[in-house]
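Engineer:
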């Protein structure tokens with residue numbers, strides 16, 4: 001391990017989550033969100049964090065103002081993104097360039113046109129003036145003491161259309177003092193072989209230091225980035241969780257994990273890649289985008305195995321079934337308890353949850369049989385870890401953990417007489433239960449029957465267990481199991497609940513969707529209380 | 001375009017959605033779901049559909065039984081997946097091999113170990129016996145008249161550990177008559193350059209026809225598949241929407257789109273790639289997995305541009321901002337967050353349903369706008385043809401078809417005092433409506449609120465329209481749309497109804513799941529009556 005790794009030296013990991021990533025449909029972070037994300041990115045050890053476009057909008061200007069005061073970065077340098085000066089103006093006189101100069105960022109990344117069609121049709125200026133804009137803006141900012149990188153926008157498409165001009169743009173920026181020139185596959189249409197060829201040509205025919213910026217429109221952003229690095233690029237751009245416009249930018253964690261774990265190139269400070277899973281999920285919390293379970297390396301399913309068949313072999317040698325040790329990216333191997341589950345899976349799963357079952361074969365048999373029997377009736381424990389843990393606790397202790405006794409419940413949904421369109425029905429639930437020796441009869445209203453039951457249940461239990469106030473239901477999934485029976489079918493409900501720090505999933509099954517939901521609801525609160533009381 | 005394209009000839013597109021794809025966490029399709037997916041895959045024009053593992057579980061056995069009777073495939077051939085015979089048994093005597101032989105599938109894809117560690121630790125047999133198992137099983141099935149492909153499991157890892165043995169496995173299978181040998185990156189840890197090298201070596205040192213089967217653990221499944229094809233593989237395996245265990249399999253649509261649109265290789269019947277977006281979304285409806293907006297080529301965001309900045313340039317020349325014409329995969333460019341439905345789609349759809357809209361541009365505009373507005377609120381007409389036809393009829397005739405007027409409804413679900421386990425709640429619905437000038441007040445009971453409403457609604461209407469007795473609800477799907485809101489979210493309900501001869505799907509949307517179900521229920525009966533009265 002290279003303890004002397006220079007993040008701002010011979011290889012750059014450059015994050016553009018806060019600028020290009022935020023172009024993603026539906027993302028609209030506050031300044032505080034952006035500051036929080038910057039801290040997470042610094043914790044991962046990236047070399048550069050592109051914070052936004054100061055001067056282009058008040059939020060990004062404010063971000064740089066606050067970052068200068070509030071952000072204490074250990075690893076990363078902050079980069080301000082902006083464009084070359086307007087046509088027909090001196091860089092020194094362009095207010096947009098002034099905003100970059102005054103951003104407080106040590107690095108400015110300038111976006112410049114390198115595609116003749118874009119110069120003429122989008123920028124609406126001459127090819128000569130575009131070169132002058134690049135020359136003037138780069139040298140002005142350099143003279144003012146900033147480090148300058150250049151994003152050569154639409155470079156690959158531009159190169160195909162007019163190679164000579166595209167290369168001329170690179171030479172112009174290099175001669176004016178740009179330290180890195182990132183070749184951008186802005187429309188995301190490239191293949192790895194094509195990227196290699198172009199990077200090779202650029203490195204052979206110019207003196208520029210090549211960076212790479214890829215989008216995922218062909219599903220190849222990570223592959224294209226690696227192809228560029230293998231061809232000699234020494235600066236990679238990307239976004240955490242692959243955020244970005246359309247299909248997204250290259251997923252930076254995925255790129256870095258491949259570089260470090262597959263190509264044996266240390267590009268983050270040693271040891272920090274193990275923070276990747278935690279940080280990818282933390283950023284997803286800030287952006288409020290549910291993390292993708294199937295995301296390479298850091299997804300919740302990335303090291304999940306439907307064991308059954310192979311469980312005994314996994315016990316002997318887990319490396320037979322995974323391409324790397326999940327701990328390398330801070331992830332975990334998970335065994336999915338499914339109807340294929342055998343005894344070995346149950347034992348491993350118990351261990352994962354802190355129960356050592358290895359010396360209790362009868363218990364393992366009992367749990368295995370109950371899981372099989374319940375899965376036959378429609379339950380699934382693959383997703384519902386919390387319900388499985390309650391079942392396990394019940395078998396270990398001889399009784400199911402319980403914090404309240406339900407006497408009965410009822411929920412009415414009916415049409416409103418004078419309702420606005422689309423709001424024609426309302427639900428009301430009544431729950432009778434005993435918690436901590438007190439009997440409660442409570443009523444809750446909701447815009448659906450399950451919501452009403454949830455409200456009623458909480459308002460009763462909260463009096464005995466105020467900690468449930470922070471439990472929040474964040475997902476609710478319904479699946480009809482035996483297709484072919486219409487509304488008279490078995491229903492499976494999965495509920496995900498969070499306490500702010502972590503989340504858990506419970507399951508309910510029944511012919512009655514409301515009853516199945518109720519079962520999952522009761523389990524979700526019970527499990528949350530169990531965990532809270534264990535801490 | 002090659003009108004003579006042979007899907008079972010020099011290049012194979014081999015889909016394994018129904019087998020390997022269903023290993024994805026949370027997927028658990030019914031036999032009817034699998035049949036529906038197979039029809040969609042055939043509509044895309046893949047050459048082979050791997051249907052499952054007959055004999056390994058009752059569901060897959062049932063799938064092949066029903067497929068032989070019910071599936072009328074235009075393009076694809078059905079493949080049965082299974083393993084080589086058990087150690088120490090003749091292939092002819094192995095019940096698992098018998099299930100493959102008797103599956104009715106013309107093709108059998110055998111999975112075989114090619115990694116010495118897996119032979120010894122997982123299979124627990126000798127290297128020699130493993131070769132004998134392959135030789136015996138392949139030649140037995142060939143002799144029985146089936147075409148045999150071989151999946152060389154863990155091939156790339158096995159090749160690294162013991163190249164000679166891994167190649168011996170391929171030669172053994174080839175000599176015994178396996179037509180294609182798919183090299184599997186079962187653990188998904190490969191990079192494109194490594195895949196190329198191995199495929200080159202296999203093609204140089206053996207005579208086998210090489211296929212490729214990749215998983216996405218490094219985020220490179222598509223890139224690795226393309227690398228194999230560029231090195232000479234002529235059979236690609238993958239799953240629709242990239243379904244699969246852990247991080248998923250190679251996304252087959254993504255692979256095919258890159259082959260056809262980027263590498264200019266026709267691999268599907270000409271013209272069918274334009275069905276990709278529709279089919280990818282339709283399969284997502286069946287599996288009840290929300291489609292990923294950022295999915296390359298077919299995602300809702302794949303050609304979505306944040307307008308503003310570039311809007312005028314996009315108008316002048318959209319090709320400046322997209323890597324291809326989205327129509328090539330049946331997708332659309334979007335400038336704002338809105339629908340997927342363009343005017344052309346509406347016109348085509350109308351034609352499909354028997355309305356010629358080509359001479360009525362205002363009507364098309366009106367319908368397009370209503371679809372946009374409704375899809376924004378969560379409706380989907382992709383799956384719900386019957387609801388779309390009711391909407392179209394409403395716009396054409398100026399009023400929505402109607403056979404009864406609902407005054408109000410109410411449904412109560414409550415716990416029973418003396419109930420059997422698993423049957424603790426019951427639902428009762430009351431509906432007030434007027435049909436054929438008679439007012440009905442009826443009550444129905446059911447094992448769930450929607451079932452109770454269905455019973456009540458039918459018992460009222462049946463008196464005026466006895467033909468509804470033969471309408472039966474055969475599927476009921478619920479999807480929570482805005483994840484992150486728990487039980488207080490927008491719900492979409494899809495209901496499929498049959499009259500014995502054919503079936504139709506209706507949609508309802510609302511914050512209240514009961515209300516959304518009610519809307520879909522009313523539409524399903526209305527549409528059935530409309531059709532009956534037209535006949």
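Chains as they are written, first to last, in UniProt numbering: chain A, 1 to 535; chain B, 1 to 535. Think of the CB as a built atom: it goes at the ideal place given N, C-alpha and C, for glycine as much as any other residue.
Sorted by chain position, which residues of the same chain lie with C-beta nearer than 8 Å to residue 367 of chain A's C-beta, five sequence neighbours on each side aside?
Structural biologist: Only 346, 350, 357, 391, 392 and 395 meet the Cβ criterion.
Engineer: For the alpha helix (DSSP H) that residue 283 of chain A lies in, which residues bound it at each end?
Structural biologist: Residues 276–287.
Engineer: By the DSSP assignment, the alpha helix (DSSP H) with residue 139 of chain B in it spans what residues?
Structural biologist: 127–143 is the span of the alpha helix (DSSP H), which, as asked, contains residue 139 of chain B.
Engineer: Comparing C-alpha positions only, which one of B:151, B:528 and B:97 sits nearest to residue 56 of chain B?
Structural biologist: Taking only the C-alpha atoms, the option nearest residue 56 of chain B is B:97.
Engineer: Using only alpha-carbon positions, find the residue among A:323, A:225 and A:90 that is nearest to residue 185 of chain B.
Structural biologist: The option with the nearest alpha carbon to residue 185 of chain B is A:323.
Engineer: Which residues, taken in chain order from the segment 114–134 of chain A, show a beta carbon closer than 7 Å to some beta carbon of chain B?
Structural biologist: Listed by position, the residues of the segment 114–134 of chain A near chain B (Cβ gap below 7 Å) are 117, 118, 121 and 122.
Engineer: From residue 331 of chain B to residue 275 of chain B, what does the alpha carbon distance come to, in whole angstroms?
Structural biologist: Distance between the alpha carbons of residue 331 of chain B and residue 275 of chain B: 9 Å.
Engineer: Mind checking if residue 20 of chain A is an interface residue toward chain B, Cβ cutoff 7 Å exclusive?
Structural biologist: No, residue 20 of chain A lies away from the interface with chain B (no Cβ there is under 7 Å from its Cβ).
Engineer: Which first and last residues belong to the alpha helix (DSSP H) in which residue 40 of chain B is found?
Structural biologist: Looking at the DSSP string, the run of the alpha helix (DSSP H) that includes residue 40 of chain B is 31–44.
Engineer: For the beta strand (DSSP E) containing residue 151 of chain B, name the first residue and the last one.
Structural biologist: Counting along the chain, the beta strand (DSSP E) containing residue 151 of chain B begins and ends at 147–153.
Engineer: Taking 7 Å as the threshold (C-beta atoms), are residue 17 of chain B and residue 240 of chain B in contact?
Structural biologist: Yes; because the gap between Cβ atoms is below 7 Å, this pair is in contact.
Engineer: For the beta strand (DSSP E) holding residue 440 of chain A, just list the boundary residues, first then last.
Structural biologist: Segment 438–446, the beta strand (DSSP E) holding residue 440 of chain A.
Engineer: From A:460, A:369, A:501 and A:245, pick the residue whose C-alpha is nearest to that of residue 388 of chain A; which is it?
Structural biologist: Of the candidates A:460, A:369, A:501 and A:245, the one whose C-alpha sits nearest the C-alpha of residue 388 of chain A is A:369.
Engineer: Under the three-state reduction of DSSP, which class applies to residue 53 of chain A: helix, strand or coil?
Structural biologist: Three-state result, residue 53 of chain A: coil.
Engineer: Do we get a CB-CB distance below 7 Å when we pair residue 329 of chain A with the residues of chain B?
Structural biologist: No, no contact with chain B.
Engineer: Closer than 8 Å by C-beta to residue 38 of chain B: which residues in its own chain qualify, once you throw out the five before and the five after it? Chain order, please.
Structural biologist: 18, 49, 51, 67, 71, 73, 76 and 78, listed in sequence order.
Engineer: Does the beta-carbon of residue 84 of chain A have 16 or more other beta-carbons within 10 angstroms, so that it is buried, or is it exposed?
Structural biologist: Residue 84 of chain A is buried by the Cβ-count criterion.
Engineer: I'd like the list of long-range same chain contacts for residue 483 of chain A, defined as Cβ closer than 8 Å, with 5 residues on each side in sequence excluded.
Structural biologist: Because residue 483 of chain A sits at a pLDDT of 48, beneath the cut-off of 50, its placement in the model cannot be relied upon, and the point is left open.
Engineer: Roughly how many angstroms lie between the CA atoms of residue 234 of chain A and residue 7 of chain A, to the nearest whole one?
Structural biologist: Roughly 11 Å between the two C-alpha positions.
Engineer: Rounding to the nearest angstrom, what Cα-Cα distance links residue 435 of chain A and residue 513 of chain A in this structure?
Structural biologist: In a straight line, the C-alpha of residue 435 of chain A is about 25 Å away from that of residue 513 of chain A.
Engineer: Which of the three DSSP states is assigned to residue 427 of chain B in this structure?
Structural biologist: Strand, per DSSP.
Engineer: Alpha helix (DSSP H) containing residue 167 of chain A: first to last residue?
Structural biologist: Residue 167 of chain A -> alpha helix (DSSP H) spans 163–176.
Engineer: Please find out if some non-hydrogen atom of the ligand FMN comes closer than 6 Å to the beta-carbon of residue 283 of chain B.
Structural biologist: The ligand FMN is not among the ligands present in this structure, which contains no ligands whatsoever.
Engineer: Within this structure, are the beta carbons of residue 132 of chain A and residue 103 of chain A separated by less than 7 Å?
Structural biologist: Taking 7 Å as the Cβ cut-off, residue 132 of chain A and residue 103 of chain A do not qualify as a contacting pair.
Engineer: Whole angstroms is fine: what's the gap from residue 409 of chain B's alpha carbon to residue 82 of chain A's?
Structural biologist: Looking at the two C-alpha atoms, the distance is approximately 59 Å.
Engineer: Please go through the same chain and pick out, in chain order, the residues whose beta-carbon is closer than 6 Å to the beta-carbon of residue 449 of chain A, but skip the five residues on each side of it.
Structural biologist: Cβ within range, chain order: 411, 413, 427 and 514.
Engineer: Compare the Cα-Cα distances from residue 278 of chain A to each of A:265, A:270, A:253 and A:475 and report the closest residue.
Structural biologist: Selected option, being the one with the closest Cα: A:253.
Engineer: Is there a Cβ of chain B sitting closer than 7 Å to that of residue 13 of chain A, yes or no?
Structural biologist: Cβ-Cβ to chain B under 7 Å: no for residue 13 of chain A.
Engineer: By the criterion of Cβ-Cβ separation under 7 Å, what are the contact partners of residue 333 of chain A in chain B?
Structural biologist: Ordered by position in chain B, no residue passes the 7 Å Cβ test against residue 333 of chain A, which lies about 10 Å from the chain.
Engineer: Quick one: give me the first and last residue of the alpha helix (DSSP H) that residue 528 of chain A is part of.
Structural biologist: Segment 513–534, the alpha helix (DSSP H) holding residue 528 of chain A.
Engineer: Which same chain residues end up closer than 7 Å to residue 355 of chain B when comparing Cβ atoms and leaving out the 5 residues on each side of it in sequence?
Structural biologist: Answer for residue 355 of chain B: 392 and 396, listed in chain order.
Engineer: What residues in its chain sit with their C-beta under 6 Å from that of residue 481 of chain B, if we drop five residues either side in the sequence?
Structural biologist: So the list reads 378, 490 and 492, once near-sequence residues are dropped.
Engineer: Taking Cβ positions, are residue 40 of chain B and residue 267 of chain B nearer each other than 7 Å?
Structural biologist: Contact: no.
Engineer: Report the rounded CA-to-CA distance for residue 305 of chain A versus residue 245 of chain B, giving the unit in angstroms.
Structural biologist: Going from the Cα of residue 305 of chain A to the Cα of residue 245 of chain B covers about 7 Å.
Engineer: What in chain A is Cβ-close to residue 412 of chain B, meaning under 7 Å?
Structural biologist: Simply 410 and 412.
Engineer: Nearest chain B C-beta to residue 213 of chain A closer than 7 Å, yes or no?
Structural biologist: Closer than 7 Å: no.
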